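Chains as they are written, first to last, in the working numbering: chain E, 1 to 219; chain B, 1001 to 1611. In this text, a Cβ means the ideal position worked out from N, Cα and C, and glycines have one as well. A quick note: this is a predicted structure, and the numbers were derived from the prediction, not measured. See below for the structure under consideration.
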């Protein structure tokens, strides 16, 4: 099945996963690229997006698998035609004839911006680095079946902090993204629960790259 | 640092409705713009973006050179709290500019229960609520939509109303504003000139005087205002503007599909129905034009569903021709064609089979009343036999789901009529037992009753609304006669319909009530999550206004009615005649069978009524 790599930036980050699926289905139609439909009582266009993205999270490495009906169209043309039918903030970066099975997807590189409106507290960088160097760190995880505790340390492959400016401290982390997966926002939740005085005024998250088990780029 | 709105958005429900940026959104260069119009829909994005009228006028205004029309919707409660907490004023989706920066502020008003939203949106925008507090030409507030057919409850807040279909009049209004702004007119000068545009009603040019009993004593004209203002219509729909490049929302809306209006007006004359009278005369669109617009819309939007809309689509003469052409196109392109508002006739059943849409939605009938006698009173030409025959057809075709809609509190209604609903429902169940081809899953009959609201410009505009207590008694009476497990009965609570009745036939004195209720926190009244009758009850008390005056009292035929200034083309003589026929239990044939002389044909100059 062909695969598209796309990014979700700007205000498009507020489009939910389900809405994004609908948006792509319509974009394919507008682009004159008919999708095959699932069989059955209620046929649906075959598009699927790996690793549903939380609302508000930016990404430069989203994968969309789809299946076109009719004559084959060159990948570059699919890419161009889709982009002219998409909205601002959703942009296809490349289309591949086929992709590696999603089950081999293992890690995610992300950036988390911690914004401190009155300046980054002096102790912040060291304290946060130390926090994530602990042998274990349980954070409450909200799920449909109530809240559970989750030790996030085993799911952090690597992590570093970088001061962007006076107000913005950046976390760059490589985390597990499948079986089990760590929502990068949990890193902020850990700060808020263990270092409440270092809770940022605002934080935002961005997916930078996805990788396989061997930590090479996944497509 | 991340700006304020971007910090708020992740914390609210469904943030995608606040960001704009959808496919086909219109962005213009502000440097080229002379008139900025903030087009406000007084409800949420999901409701407003489903409104065809708004889409038409958005397109119409944006076709104008030097004019940029942008959309504004009411925020949900969580967003409103955040906006108030951070002093973030209401903005338009396209440019994110505050509404306060716009020249003209337009509202489309389709439902009485959004009146609090209009005031709340002005307040969130930081614009004075009362028309007389806004002294300049900037921020002029105007409104249209079906509620403008009785604009009086909003008269204190809205500078002028645009009555009827706006494709042409909106261009005239905005062009006049363009000139007024260029020539630095005062607001007074502009209102005087705009009142000369046919279809424009300037409420401040009319002084309402009341008698001691609270009814109107006189409507005094000022500034040379016309005695009546006649609504505008578009005569030639084939050549009228129709937006085939529609905004495609990036988030799910209520009617998440393309929409094609097949004709305007209605030939039916149901005596309770405001749209049925106020949208006359009947004007058609040709199947050729519709097919072309349908394909253009589908290709451009990428929607997987299109709906044919009108007040009664079965009455569209070209329906067979149009659907015969559309069905193959839709099937080839994986598009659902949905045709709501079909009557229970043979062709409709055949069509529903072809479309397969019934499978999803089930059959829906709106007999409105339980006995033939009462259906004759309200002129709902749907017989028991038609309902049962259609049900029999559908049940034998494998369908097991029926929805039946009724009203309680209709004029002359007795307990016998109420129980007639139960009898009809049992006949439907009996029909299923006899005809169903697939009984494994059982039958579901959804019955819903609404509380009758008398509306202006209908033969029932003088009628009493029954008391809420009596309405609830009738609901319970009906409920006690439903024994079958197949029946699911829902009835609307009375409070909302009672308020709707107050404002539908309300006068100018209600402006104070709306302002007070809004101050008490009334908003999003159309939503169960927010509607709170106590806020309104307190507002009535504070303002010393008795809601019963507008509901259970009934209006006298000799009374001056608050909406007497507004002419929708239907003569009062005709409405009175129809009212008399209702009490005589006499049905009036549909307009196609025999023109009843409602008067709406007088609005036409180039074509004749297509009833």
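- Distance between residue 1 (chain E) and residue 98 (chain E), taken at the CA atoms: about 5 Å.
- Within the same chain, 199 come within 8 Å of residue 192 (chain E) by CB-CB distance, once the 5 residues on both sides are set aside.
- Assignment of residue 1503 (chain B) by DSSP, reduced to helix, strand and coil, places it in the helix class.
- Less than 8 Å divides the Cβ of residue 1245 (chain B) from the Cβ of residue 1024 (chain B).
- For residue 1367 (chain B), the uninterrupted beta strand (DSSP E) run begins and ends at 1363-1368, by DSSP.
- Contact between the segment 1268-1288 of chain B and the segment 1589-1604 of chain B is established, with three or more Cβ pairs separated by less than 8 Å.
- Put simply, the CB of residue 22 (chain E) is near chain B, with a gap under 8 Å to one of its CB atoms.
- Under the Cβ distance rule, residue 1328 (chain B) does not count among the residues neighbouring chain E, no pair being separated by less than 8 Å.
- Per DSSP, the unbroken alpha helix (DSSP H) holding residue 30 (chain E) starts and ends at 17-30.
- Close CB contacts of residue 1539 (chain B) within its chain, under the 7 Å cut and outside five residues either way in sequence, are with 1513, 1516, 1517 and 1520 (chain order).
- Residue contact check for residue 106 (chain E) against chain B: no CB pair falls below 8 Å.
- By the beta-carbon neighbour count (other beta carbons within 10 angstroms, threshold 16), residue 32 (chain E) is exposed.
- 1007, 1009, 1010, 1015, 1016, 1019, 1021, 1022 and 1023: these are the residues of the segment 1003-1025 of chain B whose beta carbon lies less than 7 Å from some beta carbon of chain E, given in chain order.
- For residue 22 (chain E), the closest alpha carbon among the candidates B:1150, B:1256, B:1199 and B:1524 is that of B:1256.
- Buried is the label assigned to residue 25 (chain E), since at least 16 other Cβ atoms lie within 10 Å of its Cβ.
- A residue is called buried once 16 or more other Cβ atoms fall within 10 Å of its Cβ, and residue 1607 (chain B), having fewer, is exposed.
- For residue 202 (chain E), the chain B residues whose C-beta falls within less than 7 Å of its own C-beta are 1002 and 1007, listed in chain order.
- Cβ proximity to chain B below 9 Å picks out 13, 14, 15, 16, 18, 19, 20, 22, 23, 25, 26, 27, 28, 29, 30, 31, 32, 34, 35 and 37 from the segment 13-38 of chain E.
- Out of E:104, E:96, E:133 and E:15, the CA that lies nearest to the CA of residue 54 (chain E) is found in E:15.
- Note that the segment 1366-1383 of chain B touches the segment 1411-1428 of chain B; at least 3 beta-carbon pairs, one per stretch, sit closer than 8 Å.
- A Cβ of chain B is located within less than 8 Å of the beta carbon of residue 89 (chain E).
- Membership of residue 1408 (chain B) in any alpha helix (DSSP H) is not indicated; the residue belongs instead to the beta strand (DSSP E) covering 1401-1408.
- For residue 56 (chain E), the nearest beta carbon of chain B is closer than 8 Å to its own beta carbon.
- By the Cβ test, the segment 1124-1144 of chain B is not in contact with the segment 1464-1482 of chain B, since fewer than three Cβ pairs between them sit closer than 8 Å.
- In the structure shown, residue 1189 (chain B) adopts helical secondary structure according to DSSP, grouped into three states.
- Its Cα nearest to that of residue 140 (chain E), the residue E:152 stands out among E:131, E:134, E:152 and E:133.
- Taking a C-beta distance under 8 Å as the contact criterion, residue 1262 (chain B) and residue 1290 (chain B) qualify as a contact pair.
- At a cut-off of 8 Å between beta carbons, residue 1302 (chain B) contacts chain E.
- Here the segment 1440-1459 of chain B lies against the segment 1574-1586 of chain B, with 3 or more beta-carbon pairs under 8 Å apart.
- Within the model, the alpha-carbon separation for residue 1555 (chain B) versus residue 1525 (chain B) is close to 26 Å.
- The beta carbon of residue 1486 (chain B) sits closer than 7 Å to the beta carbons of 1429, 1442, 1443, 1444 and 1445 from its chain, once the five residues preceding and following it are set aside; these are given in chain order.
- In the three-state DSSP reduction, residue 1545 (chain B) falls in the coil class, being neither helix nor strand.
- Counting only Cβ-Cβ distances below 8 Å, residue 1252 (chain B) has contacts in chain E at 18, 19 and 22, in chain order.
- The Cβ-Cβ distance between residue 1420 (chain B) and residue 1157 (chain B) does not fall below 8 Å.
- For residue 1282 (chain B), no CB of chain E lies under 8 Å from its own CB, so it is not counted at the interface with that chain.
- Per DSSP, the continuous alpha helix (DSSP H) segment holding residue 1297 (chain B) begins and ends at 1287-1301.
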